[in-house]
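**Student:** Residue numbers (this note's numbering), protein chains in the order written: chain X, 1 to 562; chain Z, 1001 to 1140; chain A, 2001 to 2383; chain P, 3001 to 3429. Cβ atoms here follow ideal geometry from the backbone N, Cα and C, with glycine treated the same way.
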Amino acid sequence: MEEKEIRIGVFICHCGTNIGGSVDVPAVVEYAKHLPNVVHAERNLYTCADDGLTAIKNAIKQHKLNRVIVASCTPRTHEPLFRSTCEEAGLNKYLFEFVNIREHCSWVHMKDTEGATEKTKELVRMGVARATLLEPQEEMKIDVEQSAMVIGGGIAGITAAKTLANQGFDVYLVEKEAVLGGMLRNLYRLFPTGEDSLDSLQPSIAAVEGHEKIKVFSSCELKEVKGYIGNFDVTLLREGKEVNFKVGTIIVATGAMEFEPKGHYGYGKYDHVITQMQLEKLLKDGQLKKSDSVVMIQCVGAKGEEVSYCSRICCMVAIKNAMLIKEINPDADIHILHNDIQAYGAEYEELYNKAREMGIRFIKYTPESPPCVTMDGEKLKVEVYNELFGEQFMLGTDLVVLSTPLVQHQGGVEISKLLRVPLGKDKFFFEAHVKLRPVDFATDGIFLCGTAHGPAEVAESVSQALAAASGAGIPLSRGFVQIEAISVKVDLEACIGCGFCVEMCPYQALDMVDGKLEIIEALCKGCGTCVATCPTGALEQRHYQNNQIISQIKSIFHPVIE
Amino acid sequence: MKEFDPKIVAFCCNWCSYAGADLAGVSRMQYPPNVRIIKVMCSGRIDPLFVLMSFLEGADAVLVTGCHIGDCHYIDANHKTKNRFEFLKEMIAELGIGEERLRLEWISATEGEKFADMVKETVEKIKKMGPSPLSPKVMQ
Amino acid sequence: MKGCFIAWATDDATRKRGGSGGFVSAALAAALDNNLVDNVLVLKKTSPYKATPIVTNDPKEVLECAGSLHFVSVNMAKYVPPGRVALPAKPCDAMGVIERAKRGQLDLDEVYMLGLNCGGSLHPKKAKKMVEEMYNLDPDNVIGEDILKGELILKTADGEKALKIDDLEEKGYGRRESCRYCETNIPRMADLACGNWGLPVDKLGKTTFVEVITNKGEEIFKNAVDTGYVEFEPASDKAIELRDKIDNVMKGLAEKWHKRLFEPIEKLSDSERLAFYVDALNRCIGCGACRKACPVCTCGDSAKCLIEGDSNYKIPLFLMVRLLHLMDSCIGCGRCEDVCPAGIPLTLIHRRFAERMQNKLGYVPGINLDKPPYFEGELREDS
Amino acid sequence: MVDDVLVIGGGVAGIQASIDLAGRGLKVYLVERFPSIGGKMAQLDKTFPTGDCSICILAPKMMECFSHENIDVLTHAEVKGVSGNAGDFRVKILKKPRYVDEEKCTGCGDCVSACPYINLPDEFDMALRSRGNIFIPFLQAVPRVVMVDREHCVKCGNCQVICDAGAIDLYQKPEEIEIHVGAIIVACGFDSFDPSGIKEYGYGRYKNVITALEYERLVCASGPTGGHLDRPSDKKTPNSIAFIQCVGSRDVNHNPYCSSVCCMHATKEAILAKEHYPSMENYIFYTDMRAFGKGFQEYVDRAKNEYEVRYIRSKPGEITEDKETKNPVIWYDDTVTRQVKRLEVGLVVLCTALVPSKGIKELADVLGVELDKNRFFKIADPLYAPLDSSREGILVCGYCQGPKDIPEAVTQAKGAAARAAEVLACLGA
């Protein structure tokens, strides 16, 4: 950058009486005029009003200002406005400096005009010190490859792929099995429509397989993913051979699997103790033997030591399957032993009530005294303490069905390592923010949906898939991502390669490659934690440089008298 | 002689504590005009060097503020702030300038009152303690 | 074959030149000879009070450098060349090497540290003066020195003269201050720990007590044996016990010195302590010698401690930042104090700050590759 | 065919849908009935299970939405008519007068203190605080401009005199605008069920029986009490609180469905009370503990073990009041001893049902879409198109199509945005 004379313009806002009422604004203007590098200072009734903004633009031209300071309210609401005003007058927006003299001064020192005025002067002085060292910045634009990869060909992956493709983007759908469909392939009939699971899924599978924008890679394994948002380099393994392509965004829809209840309630020991998934299969194949009595046990392995969470969907799966058995055999005696029924929402509660009307019986057990399954001759015997009645119940039964939670599978764990995205305590993929970013990863450009995120039913998985497609579609439709110029940069000459900054970065934007620090600017969010860590001056944060902050500190204690 | 008027430097993060200071203003909570706020994007950016320098320049107290643990806008960058602060705390204690002169507070965007109270308390305390012995203005 | 052994150089000359059996020099030479390492870093003695670190690939040169050096306080860590290298390492050398490895300055897998038990070293300038005033000898006539049973023995052509170290230190001579309270005598962070502690009387001066600690240590020890440079026998339980006993005696002594040196500061009030620090640290002339000598500091010319402060600061920003950055990482080697032209008791001050933090965190620098807590990302719960 | 999109409702779902669409470069009109965007989430104190401060995480989104160049935020406005088809909807919007020029008002609040009438219930703070005729909806309101409650205003003109910006126009007229959009996303949220109809719980009769939303304002640091849990009868902190679940939900007489979020927000509220006041005793009366979301069961476990929250599986039959202390007394069946028990507490919080928002029927009629029997929006295909309403080009997301928590609402909002983009792309092709 060429050495240029610093010419600062200072605009002090009265904000009606909001600032002017407790700060002697004219005195501050006089003071500002005498600060180093200040060539122009004025006051406005409302700097944010049209005439105030015009005054800024005129002064930039007239006084050849190359730094602008507005002292008024908070940058959190008004900085974008003043920045764009500067830009309109041809001044780089990073050469604008905001001084907050309302929220941080006039409004909190309303009865202390002298104190507030002195403080305002100092705040303006700090602003001038910082503005002097500001540098123009270019916001980085990263071109985005117009395609996406969806990992996992279950209902979530299928939906996400279809939505993106319908919007006109190329999609690579990667599935490790030979066929698409995922877990839904193995289910019998679905709630609430009663459709056959696979039948209902077929149109979606066909739409995806026949879509001109979608390339389906079944029986494929993900080998490597490099790069960052807009520019991911993907390597697949298909029949032992490598396939390479580039995508702009990635959606993780790798699903989950059923927990195997080994050692629970005689599972593996007695033939007629099965899981809900096994029951679905029997129903689907018409292989379920006529059962006059069935006992279902909920939360097997869940809400406890093995799996701490509630698996959300099992209560409804159990109720649905109990009702299907009742359809086949209306006289069947069915008990569901549960630890609170999760019939959340509108339809589920209705179904729960209907099940009770049909004569399916619900017994609440306590985790402290869980049911006990034994063999009594030819029949299974289930003992349970009914909390509500305070009695021990004895149920003879033909079939015991265990409702087990969905859990992460090994494939998911590997994908997490490969993409460097985190898993939570529950081993499911961990989103960027539990509340407001439920389908994003902290890493830009990678999204998640379906049971990879946690147990979910079909509609929930579909909603998540659409949401993930929204996130993944935004950079694709814009064609670029722009990054606020507050990212970090490294002076490699000064860098000693200690690498301590690498682990400090919450976004994995830093990496040591052959002893040299590399910054993936596209990943940097500008927190500056690495800069504070660096034992040398090698790392710097744009717009929050060490020297800028230091000058602010020094200016607090060094009055300038000219 | 003029009454001792402490100078306090406060480092605030853009997302929570700066917004908390804003809210104190919006709610017109009154506090003494002794604090000077320096805004950074994240409390993780606060290099302990800035704090040491503030004291050497003459700050009578330094406030390090950020989002509550778990609320950090940058995933967990404030964990690092907390860890580094432990170093500063020990350092200030060992130097013998009074541990109360350095304070770490997590202030959310709704805690305008907490911000105002923090400033009020600190000013009161520092007025009782007197100027920082590390300040260049104080003769020993 | 990890464990404790008694070993000695097979070559007579080496055994004689070496203070205690010549094992270290022989093993170093053997490592070079058999291409286990590319280079060896050793101190080349130019006078009893001066030695220069040299990097060599000549086994002969290594053997010529044998012998103990109590009057030299160089820290070797800064001189470790890239590539496979072996070096003799006092505890503070080894700790410096490990700290530098943490900072990406060297690859610990390539560095073989033949640790040397250490009861302390003497500052060369002070040593000269001591020779004149306490031993009544001409410093230039001293041809060798040894520390044995609490006595410092000087050798001249005419014979030996021994004085009690305690007495010397009472009079302000003897070991460097940082050595007096150093509790790390046996370098267990190195690959081998060698010395004469624990040797039976008949083997004293003729053999080396060697503890093989790591796989690398095993490699170097085996190599020395296989190449015929060294012979060994297992150390008896009694020898091992004896070594521990000596170690404990040294530790006890260090504790006493620690108390004696640090208690006066401990007892100061806050304002007195600040006055002490301001008085001492303000003597700094900003030459930067302490930073250059510090084995932990790897920051180079852009170090943050070099950011300019203001001349009116009561404590130079330079030292403030160094104190901060070394709070978790100071290994107490004493080099900063050795080289300070302004005579600031730098090591003492660094240790005050560092011990506070290290004790609190339960972190000991220089013993393994654990990251300094300052650079830890995980939240430390109410530490 | 146009590809602008209308979003109805400025709660977290509407905001998220708008941001996602605008991010794609589509023009968005966001219509909000109330004078500020933010919705119910803005009223909450903390969120479960992470304890994030609700407005802290929402406010940046509100600002982002409002200042987005592709989003036109129309607050204090209602959709009055929709004609046409997907890809080509004509929408009439009524902008109700707020009697303040939004462009000129700087939100300084001088006029607020100038208003001589200050005894109106503040809607945002659940009437726990009073406001004047001219007021800012709440501290973090977006846009941060005042509005005049003309119903009670006597036009004294004080506010006009004090306003340097000349922003106040007490004779402002309603304005009707017509826009042309390709798709519509509805995210009009929910209301809290009014429990005064459930006589046995005494809401409205007993001062210390409040609703969960009122409780949220009470514990919020920027709420009417500054976060001090002052119970209504004597402004003192109670020693114990009972939270009662399923008030008006899972109840055939009122709303048969489960509101889905109450078990968790009660747990959170109990934890907050314990955090503020370590000696607080918390009781939660529940029917089934529904902790089915990510990290919820663990949260409940922590509430039990670390925060000593007592969970009682029982639906209280009646609440009475101790005349002296004004303490509510809860009568319930103890499932362990099978006896009717009495529990006196300092405060009762009714976790009421959350119901479709007022005016949903009128809106559905205007939009020409169907409601289900619970008066939530009906879904075309509950399995594979969970965000499509009964009319093509109109998507529904958030609580207005059935009970859900914040992340689910955000998920659906994003999903609806993707569906809107997909519909528009397919129509355009």
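(1) For R2175/A, which of helix, strand or coil comes out of DSSP?
(2) Which residue from M1029/Z, I1075/Z, Y1074/Z and S1017/Z puts its Cα closest to that of L1063/Z?
(3) Please report the straight-line C-alpha distance between K3027/P and L3006/P, rounded to a whole angstrom.
(4) Quick test of the definition: if touching needs 3 or more C-beta pairs under 8 Å, does the region 3133 to 3151 of chain P touch the region 3049 to 3064 of chain P?
(5) Return no unless some Cβ of chain P is closer than 8 Å to the Cβ of C1016/Z.
(6) R2103/A to T2298/A, Cα distance in whole Å?
(7) If the criterion is Cβ atoms closer than 8 Å, does the pair A3420/P and I3185/P meet it?
(8) Can you find a CB in chain Z that lies within less than 8 Å of the CB of K489/X?
(9) Can you name the start and end residues of the beta strand (DSSP E) that R3090/P belongs to?
(10) Using a Cβ-Cβ distance cut-off of 8 Å, determine whether G2003/A contacts chain X.
(11) Going along chain Z, which residues have a C-beta under 8 Å from E122/X?
(12) Could you list the residues in the region 1072 to 1091 of chain Z with a C-beta less than 8 Å from some C-beta on chain A, going in chain order?
(13) L436/X CB to nearest chain P CB: under 8 Å?
(14) Below 8 Å on the Cβ atoms is my guess for C299/X versus N329/X; work out the distance and round it to an integer in Å.
(15) So V2097/A and A2089/A are in contact, right, with Cβ under 8 Å, and what is the actual spacing, rounded?
(16) Quick one: what's L399/X bridged to in DSSP?
(17) Can you name the residues that DSSP bridges to A1116/Z?
(18) Can you list, in chain order, the residues of its chain whose CB lies under 6 Å from that of I12/X, leaving out five sequence neighbours each side?
(19) Taking buried to mean at least 16 other C-beta atoms within 10 Å of its own C-beta, is D514/X buried or exposed?
(20) To the nearest angstrom, how far is the alpha carbon of S2383/A from that of E1086/Z?
(21) Are there three or more Cβ pairs, one per stretch, closer than 8 Å when the region 1112 to 1130 of chain Z is compared with the region 2023 to 2043 of chain A?
(22) Are there three or more Cβ pairs, one per stretch, closer than 8 Å when the region 535 to 543 of chain X is compared with the region 483 to 490 of chain X?
(23) For K93/X versus R7/X, is the C-beta distance shorter than 8 Å?
(24) Can you tell me which of the three DSSP states Q3043/P falls into?
(25) Compare the C-alpha of C1013/Z against each of L1134/Z, D1117/Z and D1022/Z and name the closest.
(26) I'd like to know whether the C-beta of R312/X is nearer than 8 Å to at least one C-beta of chain P.
(27) Among R3290/P, N3282/P, Y3203/P and P3256/P, which one has its Cα closest to the Cα of E3321/P?
(28) Closest by CA to R2351/A, which one among G2198/A, P2200/A, V2080/A and E2266/A?
(29) Along the chain, which unbroken stretches of the alpha helix (DSSP H) at least 4 residues long are found entirely within the region 2325 to 2368 of chain A?
(30) Comparing the C-beta of S2271/A with each C-beta of chain Z, is any distance below 8 Å?
(31) What in chain Z is Cβ-close to E103/X, meaning under 9 Å?
(32) If I measure Cβ to Cβ from T2010/A and keep anything under 8 Å in the same chain, skipping five residues before and after, which residues do I get?
(33) Kindly indicate if chain P contains any beta-carbon less than 8 Å away from that of C15/X.
(34) Taking A2031/A as the reference, which of R2180/A, D2167/A, N2223/A and H2123/A has the closest Cα?
(35) In whole angstroms, give me the CA-to-CA distance for G499/X and A49/X.
(36) Evaluate H3265/P with the Cβ neighbour count: other Cβ atoms within 10 Å of its Cβ, from every protein chain shown; 16 or more gives buried, anything less gives exposed.
**Tutor:** On the basis of the coordinates in this document:
(1) For the purposes of this step, residue 2175/A is taken as the residue at position 175 of the third sequence. R2175/A sits in coil when the DSSP states are folded into three classes, being neither helix nor strand.
(2) Along the second sequence, read from residue 1 onward, the residue named residue 1063/Z stands at position 63. Distances from the alpha-carbon of L1063/Z to those of M1029/Z, I1075/Z, Y1074/Z and S1017/Z put S1017/Z closest.
(3) Within the fourth sequence, the letter at position 27 stands for residue 3027/P. Within the fourth sequence, the letter at position 6 stands for residue 3006/P. Taking the straight line joining both Cα atoms gives about 9 Å.
(4) Below 8 Å, enough C-beta pairs join the region 3133 to 3151 of chain P and the region 3049 to 3064 of chain P to call them touching: three or more.
(5) Walking along the second sequence from the start, residue 1016/Z turns up at place 16. Yes, C1016/Z counts as interfacial toward chain P.
(6) Numbered from its first residue, the third sequence carries residue 2103/A at position 103. Numbered from its first residue, the third sequence carries residue 2298/A at position 298. Those two C-alpha atoms are separated by around 7 Å.
(7) For the purposes of this step, residue 3420/P is taken as residue 420 along the fourth sequence, with counting starting at 1. For the purposes of this step, residue 3185/P is taken as residue 185 along the fourth sequence, with counting starting at 1. Result yes, Cβ atoms of A3420/P and I3185/P sit closer than 8 Å.
(8) For the purposes of this step, residue 489/X is taken as residue 489 along the first sequence, with counting starting at 1. Judged by the 8 Å Cβ criterion, K489/X is not in contact with chain Z.
(9) Numbered from its first residue, the fourth sequence carries residue 3090/P at position 90. Under the DSSP assignment, R3090/P falls in the beta strand (DSSP E) whose first and last residues are D3088 to K3095.
(10) To locate residue 2003/A, count along the third sequence from 1; it is residue 3. Not one chain X Cβ lies under 8 Å of G2003/A.
(11) For the purposes of this step, residue 122/X is identified with residue 122 of the first sequence, where counting begins at 1. Here the neighbours are R1036.
(12) Within the region 1072 to 1091 of chain Z, the residues whose Cβ lies closer than 8 Å to some Cβ of chain A are D1076, H1079, K1080, K1082, N1083, R1084, E1086, F1087, L1088, E1090 and M1091, listed in chain order.
(13) As a first step, residue 436/X must be located in the first sequence, where it is residue number 436. So, interface residue.
(14) The sequence position of residue 299/X within the first sequence is 299, counting from 1. The sequence position of residue 329/X within the first sequence is 329, counting from 1. The pair is not a contact, with the Cβ atoms about 26 Å apart (cut-off 8 Å).
(15) Numbered from its first residue, the third sequence carries residue 2097/A at position 97. Numbered from its first residue, the third sequence carries residue 2089/A at position 89. Yes, V2097/A and A2089/A are in contact; Cβ-Cβ is about 7 Å, under 8 Å.
(16) Stepping through the first sequence from its first residue, residue 399/X is reached at position 399. The partner list for L399/X (beta bridge, DSSP) reads V294/X.
(17) For the purposes of this step, residue 1116/Z is taken as the residue at position 116 of the second sequence. In the DSSP output, where bridge partners are listed per residue, A1116/Z has none listed.
(18) On the first sequence, residue 12/X is found 12 positions in, with the first residue counted as 1. Here the set comprises V25, V28, V29, R43 and A71.
(19) Sequence index remark: in the first sequence, residue 514/X carries index 514 (1-based). D514/X counts as exposed, since fewer than 16 other beta carbons sit within 10 angstroms of its beta carbon.
(20) Reading the third sequence from its first residue, position 383 is the one you call residue 2383/A. Reading the second sequence from its first residue, position 86 is the one you call residue 1086/Z. Only weak support exists for where S2383/A lies, its pLDDT of 43 falling under 50; the value from the coordinates is given anyway. C-alpha separation (whole angstroms): 8 Å.
(21) Contact fails: fewer than three Cβ-Cβ distances are below 8 Å.
(22) Touching, yes.
(23) Position 93 of the first sequence, counted from the first residue, corresponds to residue 93/X. Position 7 of the first sequence, counted from the first residue, corresponds to residue 7/X. Going by C-beta atoms, K93/X is not nearer than 8 Å to R7/X.
(24) Locating residue 3043/P in the fourth sequence gives position 43, where the first residue counts as 1. Helix.
(25) Along the second sequence, read from residue 1 onward, the residue named residue 1013/Z stands at position 13. Cα-wise, what sits closest to C1013/Z is D1022/Z.
(26) Position 312 of the first sequence, counted from the start, is the residue given in the question as residue 312/X. It does; some Cβ of chain P falls within 8 Å.
(27) To locate residue 3321/P, count along the fourth sequence from 1; it is residue 321. Here the closest residue by C-alpha is Y3203/P.
(28) Counting from one through the third sequence, the residue named residue 2351/A turns up at place 351. Nearest option by C-alpha distance: E2266/A.
(29) Whole alpha helix (DSSP H) segments, 4+ residues: 2335 to 2339 and 2346 to 2361.
(30) Reading the third sequence from its first residue, position 271 is the one you call residue 2271/A. At least one chain Z Cβ lies under 8 Å of S2271/A.
(31) Mapped onto the first sequence, residue 103/X falls at position 103. Under the 9 Å cutoff, chain Z gives A1021, D1022, L1023, A1024, G1025 and V1026.
(32) The residue you call residue 2010/A lines up with position 10 of the third sequence. The answer, listed in chain order, is A2026, G2228, Y2229, V2230 and E2231.
(33) Position 15 of the first sequence, counted from the first residue, corresponds to residue 15/X. Chain P, which has a Cβ nearer than 8 Å to the Cβ of C15/X, makes this yes.
(34) Mapped onto the third sequence, residue 2031/A falls at position 31. Ranking the options by Cα distance to A2031/A, first place goes to N2223/A.
(35) Along the first sequence, read from residue 1 onward, the residue named residue 499/X stands at position 499. Along the first sequence, read from residue 1 onward, the residue named residue 49/X stands at position 49. If you draw a straight line from the Cα of G499/X to the Cα of A49/X, it is about 49 Å long.
(36) Locating residue 3265/P in the fourth sequence gives position 265, where the first residue counts as 1. It counts as buried.
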